[in-house]
Every structure is written in C-alpha cells, then in structure tokens.
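Enquirer:
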Amino acid sequence: MVVTRVKIRIKFDKCVGLSILSGIGLFTGELLSFFALGMEKASVLSPIYGAVIPFGFLLSIFLLGEKPTKKTILGVITVFTGVFLVTI
Numbered sequence: 019m020v021v022t023r024v025k026i027r028i029k030f031d032k033c034v035g036l037s038i039l040s041g042i043g044l045f046t047g048e049l050l051s052f053f054a055l056g057m058e059k060a061s062v063l064s065p066i067y068g069a070v071i072p073f074g075f076l077l078s079i080f081l082l083g084e085k086p087t088k089k090t091i092l093g094v095i096t097v098f099t100g101v102f103l104v105t106i
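Take 19 as the starting number for the sequence shown in the numbering used here and just add one per residue.
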C-alpha cells in the first residue's frame, strides 16, 4: 500500500474572506434570534421575521444598486401588507 501526500492550496481571495464573514454573520444572527425568542413571545417576533425579505430587497437596491422590476416591487408591497395584517 502506497500512501502519498497531496498538498492542496486554497487561494485566499476576496470571495473566501466574504464567505467566512457571511457565515459568522449568519451564525451571530441566528444566535441573537434564539436569545430574542427567550426574551419575548414568538407572536411578537414573527412579524419581524416576516419583514426580513422585504428589507433585504430594499438593501439590495440601496447597497448593490439593483434595479427593481414592477413584479418585484409588487411582491414587496404584498409582503409588507401581509406582515402589517398579521401584526394587527
């Protein structure tokens, strides 16, 4: 039996750093989410969770410069309306 060593080099570029930073951010967000559930009722926090997607859409417009279509704007308005109706 022959055992050889293979050296694999991963080029640490900007994408790898952003991926690691993204993973840390997601982990921190989920951890804080569980802490929030321990402090408050789930019925109070569910509208906040429901508003994550529209806020992500708005951030993509302002931070990334994406151009929204009529269909996506209608979808965001629908989601905001749904979240508003759930909170009433």
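Positions of the beta carbon are idealized from the N, C-alpha and C atoms, including for glycine. These figures come from a predicted structure and were not determined experimentally.
If you pair each beta-carbon of the region 47-60 with each one of the region 69-88, do three or more pairs fall below 8 Å?
Expert: Verdict: no, contact absent.
Enquirer: Roughly how far, in whole angstroms, is the beta-carbon of residue 75 from the beta-carbon of residue 99, given that I think they are within contact range, below 8 Å?
Expert: As a working note, residue 75 is residue 57 in the sequence shown. As a working note, residue 99 is residue 81 in the sequence shown. The pair is not a contact, with the Cβ atoms about 14 Å apart (cut-off 8 Å).
Enquirer: So the candidates are 35, 87 and 65; which of them puts its Cα closest to the Cα of residue 104?
Expert: The count along the sequence shown starts at 1 and reaches residue 104 at position 86. It is 65.
Enquirer: Since residue 69 is in the alpha helix (DSSP H), which residue starts that stretch and which ends it?
Expert: Stepping through the sequence shown from its first residue, residue 69 is reached at position 51. No alpha helix (DSSP H) holds residue 69; DSSP gives it neither H nor E.
Enquirer: I need the DSSP call for residue 83, collapsed to helix, strand or coil.
Expert: Taking the sequence shown and counting its residues from 1, the one referred to as residue 83 is at position 65. In this structure, residue 83 counts as coil in the three-state DSSP scheme.
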